[in-house]
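In the working numbering, the protein residues as written are 48 to 451. For each residue, glycine too, the CB sits at the ideal point set by N, CA and C. All remarks here apply to the structure that follows.
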Ligand code: HEM
């Protein structure tokens with residue numbers, strides 16, 4: 048084992064053609080051969096790459112590890128994300144106590160109980176969209192018809208963002224997560240979305256509704272506790288994280304099940320508990336947030352027998368942690384019946400996904416409904432022709448042409 052960093056590494060690392068559901072081969076190799084190693088990023092920084100399950104959890108739970116993007120050693124994905132992080136501070140770029148205070152403002156909105164209460168509404172949304180799909184042309188693109196609209200509609204209703212504006216925010220959100228890989232556009236998109244949300248929050252402070260942004264407009268902006276900009280930034284994180292992630296899980300999860308017909312049959316014929324378990328297994332198996340979690344050491348610390356010094360960056364790899372055989376026997380097998388709740392697809396520690404109760408209900412309703420209502424669902428193109436989002440923050444398929 049050596050500390051010498053290799054040649055420059057690209058993030059996200061591309062997954063292999065023919066193995067689109069597995070972690071990038073280079074990450075898988077490292078997780079087997081040198082679970083903690085150094086990488087050299089685009090800007091010459093040489094953060095640690097942590098790939099094993101126990102080490103990943105240890106880093107993410109350690110209060111000596113932070114997310115201060117201004118630290119010189121912080122591992123930025125690329126120049127765009129660095130520039131964006133410098134301009135926009137969301138929950139994901141805050142350490143305690145600022146993080147604790149901001150996160151507390153939203154905890155109640157995404158509680159399990161509250162999200163469970165949304166289940167009938169989400170079921171109606173999914174049923175209506177499947178009705179439309181079945182009434183429309185065959186084949187159809189499942190991303191357009193179902194995967195994107197379900198989480199978009201739901202997060203819009205929760206936040207109080209008019210769904211009629213979806214063409215606008217889906218475009219800017221796509222540019223923001225560097226789907227199309229144009230740096231200047233990604234930055235401009237962030238500004239455009241912020242301006243839109245600032246105007247929306249200002250309007251809500253005068254005429255509030257029953258939604259999260261109205262509440263923040265009244266309780267935070269109205270009392271001078273937060274600026275319009277701060278609330279818009281919070282809204283931006285929720286809007287982008289709230290629809291793009293789940294949309295990718297719906298389409299990619301369906302692609303993975305179609306490639307594993309036995310597993311698809313188990314989900315289709317399974318009870319709600321099995322469907323819920325299948326959601327967890329697909330989250331583990333696919334690990335879609337493939338720019339990984341980025342951190343910086345605030346003090347010296349030892350992880351997996353290696354000394355990480357104060358100021359050094361850490362890239363925490365969830366895709367390999369979720370395929371670590373010490374935590375998941377036969378990790379490369381998709382098995383919707385395995386015990387899997389301990390996966391790290393939603394992260395771990397204080398930054399663990401705020402929206403996971405919502406994502407879980409959405410995915411349970413979609414997986415529990417789609418294959419039952421359309422038992423003949425099949426890919427309309429050969430699997431090797433599917434196009435995967437290798438460079439986006441959230442991994443997925445660009446289109447999922449299906450027939451029935
Ligand atoms: C399947 C869907 C989803 C996946 C796989 C996912 C994944 C993640 C992960 C891995 C993190 C932690 C990042 C880190 O440690 O640096 C995270 C954080 C976050 N997620 Fe999600 N997410 C999903 C859905 C959602 C939804 C629906 C929302 C919506 C409201 C949401 C809102 C957030 C927020 C606000 C954070 C930041 C939390 C913090 O820094 O304290 N996510 N998500």
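I need the straight-line Cα distance from residue 436 to residue 128, nearest angstrom please. 17 Å
Residue environment, residue 77, which counts as buried when at least 16 other CB atoms sit within 10 Å: buried
Following the continuous alpha helix (DSSP H) through residue 199, name the residue where it begins and the one where it ends. 196-206
The beta strand (DSSP E) that contains residue 342, what's its start and end? For residue 342, the enclosing beta strand (DSSP E) stretches over residues 340-344.
Distance between beta carbons of residue 430 and residue 306, contact taken as under 8 Å: Contact flag correct, Cβ pair sits at about 6 Å.
Is there at least one non-hydrogen atom of the ligand HEM closer than 8 Å to the beta-carbon of residue 202? yes
The ligand HEM and residue 146: does any heavy atom of the ligand fall closer than 8 Å to the residue's C-beta? yes
Return yes when at least one heavy atom of the ligand HEM lies under 8 Å from the C-beta of residue 364, else no. no
Look up residue 86 in the DSSP assignment and say whether it is helix, strand or coil. coil
With respect to the alpha helix (DSSP H) encompassing residue 433, which residues constitute its N-terminal and C-terminal limits? Segment: none, residue 433 is in no alpha helix (DSSP H) and carries neither H nor E.
According to the neighbour-count rule (16 or more other Cβ atoms, all chains shown, within 10 Å of its Cβ), is residue 58 buried or exposed? buried
CA-to-CA distance, residue 84 to residue 275, given in whole angstroms: Taking the straight line from one Cα to the other gives about 42 Å.
Is residue 112 a contact residue of the ligand HEM, with contact defined as CB to any heavy atom under 8 Å? no
Let's test the definition: count the other Cβ atoms within 10 Å of the Cβ of residue 145 and tell me whether it reaches 16, buried, or not, exposed. exposed
Hey, quick one: how far does the beta strand (DSSP E) through residue 353 stretch, first residue to last? 353-355
For the region 389-398 against the region 368-377, do three or more pairs of beta-carbon atoms, one drawn from each stretch, fall closer than 8 Å, so that the two count as touching? yes
From this set, 374, 318, 201, which residue's C-alpha is nearest residue 293's C-alpha? 201
Cβ shell of residue 186 (< 7 Å), same chain only, five flanking positions each side left out: Answer for residue 186: 427, 448, 449, 450, listed in chain order.
Any heavy atom of the ligand HEM within a distance shorter than 8 Å of the CB on residue 397? yes
Is the CB-CB distance between residue 233 and residue 218 below 9 Å? no
Would you say the beta carbon of residue 289 comes nearer than 8 Å to a heavy atom of the ligand HEM? yes
Contact belief for residue 365 with residue 340 at Cβ below 8 Å, rounded distance in angstroms: 7 Å
Is it right to say residue 382 is buried, meaning 16 or more other beta carbons lie within 10 angstroms of its own, or is it exposed? buried
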